[in-house]
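Encoded as structure tokens, the structure appears first; notes follow it.
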Amino acid sequence: MKTSVVICVYTEERWEDIRQAVESVGNQTRQPHELILVVDHNPDLLLKLKRAYPQAVVVENTHEKGLSGGKNTGVDVATGDIVAYLDDDAVADPWWLEALEEGFQEPGVVGVGGRTEPLWASKRRPRWFPYEFDWTVGCTYRGMPEVRAPIRNVMGGNAAFLREVVSEVGGFHSGIGRSVQGRKSRPLGCEETEFCIRLSQRKPGSVMLFEPRAVIGHKVSRQRERFAYFRSRCYAEGLSKALVTREVGTQDGLSSERAHAMKTLPLGALRGLGEALRGDVGGLGRAFAIVVGLAWTTWGYVVGSARLKAVRS
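Printed below as a string of structure tokens:
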């Protein structure tokens with residue numbers, strides 16, 4: 022099977038990040054069929070990338086502005102059997118693509134997601150930052166499988182799908198996730214969550230697979246290491262989940278979240294308190310952050326649901 026790797030980009034401010042992401046794709050043990058760079062309505066960046074990477078397919082986002090539009094453009098342009106997405110501020114391990122491709126050998130698999138590790142700008146994890154909330158910085162979090170296993174949805178910055186299947190179900194919805202406005206104001210997400218659930222609903226028997234050997238490092242800026250961003254991201258996730266449940270229903274849209282909130286987070290808070298009693302002061306901060314994160318995410322969901330209900334009425 023041939024794999025097209027798609028990297029969606031939107032700003033020259035991330036030029037060095039883009040360079041490292043592209044370089045990591047070139048260092049794969051199994052080379053991709055093609056590398057596609059999708060530029061989100063930025064003519065200057067488009068021209069600069071075409072000059073810097075003549076070996077890549079560099080195209081402009083032909084859909085609505087934002088990450089979903091960029092991903093859909095990548096599918097439109099791709100000629101491989103598989104479309105693999107890598108964040109523009111991420112670095113893939115050399116065996117990343119090989120591990121993703123091997124996941125598709127499993128029966129019924131239409132999508133494969135890998136393990137994403139945080140690369141902290143300050144070189145170390147903030148002591149208060151709970152592992153259960155690594156999703157707030159786009160990374161694999163405590164509560165996800167530790168071995169290869171089916172999951173409800175993959176994480177969008179480290180994922181691959183059968184190209185034909187993406188087109189069959191209509192691609193990624195532009196009304197969910199990070200639009201251009203969202204990047205500048207509120208850190209919304211969940212476009213890949215809604216897509217994976219919708220795909221599974223329309224094609225029963227389809228399998229999303231988590232492959233922990235497909236590893237990438239995702240850069241976490243200093244701004245995202247702050248507690249203020251953590252709260253903002255949690256609230257935005259709640260808003261995003263309200264949009265997801267509007268599209269796919271609450272049963273499927275919140276199935277994983279219920280399990281995480283009812284089991285993983287209470288255990289995490291207790292773990293943090295226990296670590297604090299054993300002398301790790303950061304444990305108290307992690308326990309507190311778990312409580313705040315759950316509260317802010319829940320509140321965002323309540324507000325988002327209320328807004329959608331008001332619009333419908």
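Numbering (my numbering), first residue to last: 22 to 334. Glycine included, C-beta positions come from ideal geometry on N, C-alpha and C.
Assigned exposure category for residue i - 16 Cβ within 10 Å defines buried
{"i": "alanine 142", "result": "exposed"}
{"i": "valine 332", "result": "exposed"}
{"i": "alanine 42", "result": "buried"}
{"i": "leucine 298", "result": "exposed"}
{"i": "valine 302", "result": "exposed"}
{"i": "proline 53", "result": "buried"}
{"i": "alanine 249", "result": "exposed"}
{"i": "leucine 291", "result": "exposed"}
{"i": "serine 45", "result": "buried"}
Test item: CB-CB of residue i and residue j under 8 angstroms
{"i": "proline 239", "j": "threonine 137", "result": "One detail in the question is off: residue 239 reads as histidine in this sequence, not proline. Result yes, Cβ atoms of histidine 239 and threonine 137 sit closer than 8 angstroms."}
{"i": "glutamate 258", "j": "threonine 318", "result": "yes"}
{"i": "glutamate 55", "j": "leucine 67", "result": "no"}
{"i": "threonine 308", "j": "leucine 294", "result": "It should be pointed out that residue 308 corresponds to alanine in this sequence rather than to threonine. Yes. Within cutoff."}
{"i": "glycine 159", "j": "aspartate 108", "result": "yes"}
{"i": "cysteine 255", "j": "glycine 314", "result": "yes"}
{"i": "isoleucine 57", "j": "valine 26", "result": "yes"}
{"i": "glycine 210", "j": "serine 242", "result": "no"}
{"i": "valine 60", "j": "valine 79", "result": "yes"}
Cβ distance (whole Å) where residue i is taken to contact residue j below 8 angstroms
{"i": "alanine 14", "j": "glycine 132", "result": "In this structure the chain extends from 22 to 334, so residue 14 is not present and cannot be described."}
{"i": "aspartate 102", "j": "leucine 230", "result": "Contact doesn't hold; Cβ gap of about 16 angstroms is too wide."}
{"i": "asparagine 179", "j": "glutamate 213", "result": "Not really, about 10 angstroms apart at Cβ, beyond 8 angstroms."}
{"i": "glycine 306", "j": "arginine 148", "result": "6 angstroms"}
Range covered by the beta strand (DSSP E) that runs through residue i
{"i": "tryptophan 141", "result": "130-141"}
{"i": "valine 236", "result": "228-241"}
{"i": "glutamate 81", "result": "78-81"}
{"i": "alanine 180", "result": "179-183"}
{"i": "alanine 297", "result": "Counting along the chain, alanine 297 falls outside any beta strand (DSSP E), though it belongs to the alpha helix (DSSP H) covering 286-298."}
Residue range of the unbroken alpha helix (DSSP H) whose run includes residue i
{"i": "lysine 69", "result": "64-73"}
{"i": "tyrosine 256", "result": "248-269"}
{"i": "leucine 329", "result": "303-333"}
{"i": "isoleucine 39", "result": "36-47"}
- [ ] Check whether the stretch 213-225 touches the stretch 287-301, taking contact to mean three or more Cβ pairs, one atom from each stretch, closer than 8 angstroms.
- [x] no
Open item on the list: Quick test of the definition: if touching needs 3 or more C-beta pairs under 8 angstroms, does the stretch 120-130 touch the stretch 84-99?
Closed with: no
Open item on the list: Quick check: the stretch 266-284 against the stretch 107-126, are at least 3 beta-carbon pairs closer than 8 angstroms?
Closed with: no
Open item on the list: If contact is defined by three or more beta carbon pairs under 8 angstroms, each pair taking one atom from either stretch, is the stretch 178-198 in contact with the stretch 320-331?
Closed with: no
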